[in-house]
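Number of protein chains: 2
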Amino acid sequence: LVDKEGIIHVRGRIDTSPNLSPENLIEVISTEIKKVLHSLSNQVVLKGVGIGAPNGNYFTGTVKFAPNMNWKEEVKVTKLFYKNIGVKTVLTNDANAAALGEMLFGKAKNIRDFLFITLGTGLGSGIVANGQLIYGHDGFAGELGHVVIVQNGRKCGCGRQGCLETYASATGIKKTYQELLTVNNVSSDFNPEVHGSIYIYEKAIRGEKEAIEAFDYTARMLALGLSNSVAYTSPQVIYLFGGLSQAGEILLKPLRAYFEEYLLNIYRNKISIEISGLPHSDAAILGAASLIWNEDN
Amino acid sequence: LVDKEGIIHVRGRIDTSPNLSPENLIEVISTEIKKVLHSLSNQVVLKGVGIGAPNGNYFTGTVKFAPNMNWKEEVKVTKLFYKNIGVKTVLTNDANAAALGEMLFGKAKNIRDFLFITLGTGLGSGIVANGQLIYGHDGFAGELGHVVIVQNGRKCGCGRQGCLETYASATGIKKTYQELLTVNNVSSDFNPEVHGSIYIYEKAIRGEKEAIEAFDYTARMLALGLSNSVAYTSPQVIYLFGGLSQAGEILLKPLRAYFEEYLLNIYRNKISIEISGLPHSDAAILGAASLIWNEDN
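Those protein sequence lines, which keep their order, are chains H and G.
At position 90 of the first sequence (counting the first as 1) the number is 86 in this note's numbering, and the numbers step up by one without a gap.
At position 149 of the second sequence (counting the first as 1) the number is 145 in this note's numbering, and the numbers step up by one without a gap.
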């Protein structure tokens, strides 16, 4: 439960099973919301329900091919919520929601043109231009993770090759690190199935050559993608979010250097790359809530 | 002189010398405009002056590094015009102006998300998203010609390598054609200094292998750039303009095929590539005028 100032009043967590039907899951969540409202004073008015979900489509209010659920059909998420809760329900994908969160409650309050990049398992993004989140004609704008930066490059989950997220993401840096260990013949207990990118981070801060190189290579590929991205909407700031961005300077320092090197001259020395101002644990909540408060303005 | 419906009432042409000072050139143009207004009935009210010029900046109203003029400093174009004419003066680069022209007076009247691509000596572009031209924080958004599509690729005038416009432009196809003639050991009177891309077009429609291949390669590289571009603003239509686009199906047919092949699955079969609806000779005029009529809405 988030108010207009971005203060989180109530938090909840509901375990989901991939085998829950959409109808059941949304009913369970709605019941929890109603319980919370019931326990509060009557002065609290629920303005709406904001939802950030992978593959969420703003225009249709639906989720198609939900990555972590065994849902076969296209699920009418906002319609189902409205049926249960009876208030305005707004849906978009998680990276778009977080970008709005940054604009309403984070560092981008006075920034009209920015990119928001989430470096998680994949690379998600939200684009704000002229002070508006860009949805595109079909709700699918801002898929920077699937811009091809290397022709015939790494295989991507999307079925194509060389997408930015195959290099610049937790999955990407793990692959890079594994390759460097192999090439340099280093024996290691690193297991990409088990370890997160934090494993590489910890090796890097202890000075391990391959780990530092993995961060440098990741920074270089991300810089390639971002320097090209600037030519579209000419953002003032690029905000980084997600597990990999928490590596801080070990990623940011080479990233900023490569970025400036690769930029077209007219863009040089005026675009900053910053870590998101959203508290990591609250970003999803604030992002989802901002879908409602943004429409209220 | 263009009215709100996009009808061109008066046309003029003023020869410019690269050695004219900005002050002199703008005074000459202003005097011509005043002469035209004087010759018309008093019922004609000049709303404003719209200017589409290479490197024109919407926010600052200035032109820096004017490509075809020997101007050293940053020229305050709108300020100088206002001093001479006394009406609102709006400036942007020529591709942005043409994109607005397409929206107000061309095929994009009801299209809220589109890309406008000019294939001339270089590759210019304007991006419209949410019904608005995207200027970016500094006025330099929409430089798709300088997105790097081939790492360590062809040398570009911008000082970098592999920019889209080194492949997908009149200059690009001439280079490709020349390379193909050389590789295939074909003797030809083709001279890229003298001949335009129309030379290659005429060879291609007569079935010359190298010319057809040059169009195919150009289409493939443009498709690469455009399929990546879609992931930013998810446009409904991509409009092509400029000399090279007049080649028609010999470019469009392979372009559309490669484009669909390269697209991320969520974008397939829903984005059309079309030739601009602006009459070729009027596009610059209508584009510049739309800068005024767009702000009037």
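For glycine and all other residues, C-beta sits at the position ideal for the given N, C-alpha and C.
### Query
Would A137 of chain H pass as a contact of M217 of chain H if the rule is Cβ separation under 8 Å?
At a Cβ-Cβ threshold of 8 Å, A137 of chain H and M217 of chain H do not count as neighbours.
### Task
Tell me, please, which residues DSSP counts as bridged to C159 of chain G.
Its beta-bridge partners are G:V144.
### Task
Compute the distance between the beta-carbons of G52 of chain G and V59 of chain G, then report whether it is under 8 Å.
Remark: C-beta atoms of G52 of chain G and V59 of chain G approach each other more closely than 8 Å.
### Task
Could you check the C-alpha separation between P133 of chain G and Y54 of chain G for me, to the nearest Å?
According to the sequence provided, residue 133 of chain G is His. The question's Pro does not apply to it. So the two alpha carbons sit approximately 10 Å from each other.
### Message
Output needed for T85 of chain G: all residues of its chain with C-beta closer than 6 Å, excluding positions within five of it in sequence on either side, in chain order.
### Response
The beta carbon of T85 of chain G lies closer than 6 Å to those of V45, T74, F77 and Y78 in the same chain, with the five residues before and after it left out.
### Short CB-CB distance (under 8 Å) between G82 of chain G and chain H
no
### Message
Output needed for V83 of chain G: all residues of its chain with C-beta closer than 8 Å, excluding positions within five of it in sequence on either side, in chain order.
### Response
L42, K43, G44 and V45
### Task
Assign Q128 of chain H to one of three DSSP states: helix, strand, or coil.
Strand, per DSSP.
### Residues near Q157 of chain G in its chain [Cβ-Cβ closer than 8 Å; skip 5 each side]
V144, V146, Q147, N148, G149, R150 and K151
### Touch test, the region 3 to 16 of chain G against the region 112 to 124 of chain H, Cβ-Cβ under 8 Å, three pairs minimum
no
### Query
Between the Cα of L259 of chain G and the Cα atoms of G:Q242, G:K249, G:N224 and G:E291, which residue gives the shortest distance?
G:N224
### Task
Tell whether a beta-carbon distance below 8 Å holds between D278 of chain H and I107 of chain H.
Taking a C-beta distance under 8 Å as the contact criterion, D278 of chain H and I107 of chain H do not qualify as a contact pair.
### Query
Once you ignore the five residues that flank D90 of chain H on each side, which residues in its own chain have a CB closer than 8 Å to its CB?
G48, A49, P50, G52, T114, G120, A280 and G283
### Query
Can you find a CB in chain H that lies within less than 8 Å of the CB of V86 of chain G?
no
### Query
Which term fits L36 of chain H, buried or exposed, when burial requires 16 or more other beta carbons within 10 angstroms of its beta carbon?
exposed
### Query
Shorter than 8 Å from the beta carbon of Q128 of chain H to some beta carbon of chain G?
yes
### Message
Going by C-alpha to C-alpha distance, which of H:A166, H:G203, H:A93 and H:F237 sits closest to P275 of chain H?
### Response
H:F237
### Residue range of the alpha helix (DSSP H) that includes K170 of chain H
Taken as a continuous stretch (DSSP letters only), the alpha helix (DSSP H) holding K170 of chain H covers A166 to V179.
### Task
List the residues of chain G whose Cβ lies closer than 9 Å to the Cβ of Q232 of chain H, in chain order.
G132, H133 and D134
### Query
In angstroms, rounded to a whole number, what distance separates the CA positions of V40 of chain H and G102 of chain H?
24 Å
### Task
Compare the beta carbon distance of Y173 of chain G and E198 of chain G with 8 Å and say whether it is the shorter of the two.
no
### Task
Mind listing the chain H neighbours of G155 of chain G? Cutoff is C-beta to C-beta under 7 Å, in chain order.
N261
### Query
When we look at the beta-carbon of V354 of chain G and count the other beta-carbons within 10 Å, is it buried (16 or more) or exposed?
With chain G covering -3 to 293 only, the question about residue 354 of chain G has no answer from this structure.
### Query
Which partner residues of S121 of chain H appear in the DSSP bridge assignment?
Answer is H:I113.
### Query
Listing by chain order, which chain G residues have their CB less than 8 Å from the CB of E70 of chain H?
Contact annotation for E70 of chain H against chain G: no contact, minimum CB-CB distance about 12 Å [criterion: below 8 Å].
### Query
What's the gap between the Cα of I22 of chain H and the Cα of R9 of chain H?
13 Å
### Message
Tell me the DSSP secondary structure of F55 of chain G in three-state form.
### Response
coil
### Query
If we ignore side chains and look at the alpha-carbon of each, how far apart do S241 of chain H and I208 of chain H end up?
15 Å
### Query
Beta-carbon separation of Y254 of chain H and A215 of chain H under 8 Å?
Yes, these two residues count as a Cβ contact at 8 Å.
### Query
How far does the beta strand (DSSP E) with A84 of chain G in it reach, from first residue to last?
According to the sequence displayed, residue 84 of chain G carries Lys and not Ala. Membership of K84 of chain G in the beta strand (DSSP E) is indicated by the continuous run K84 to T88.
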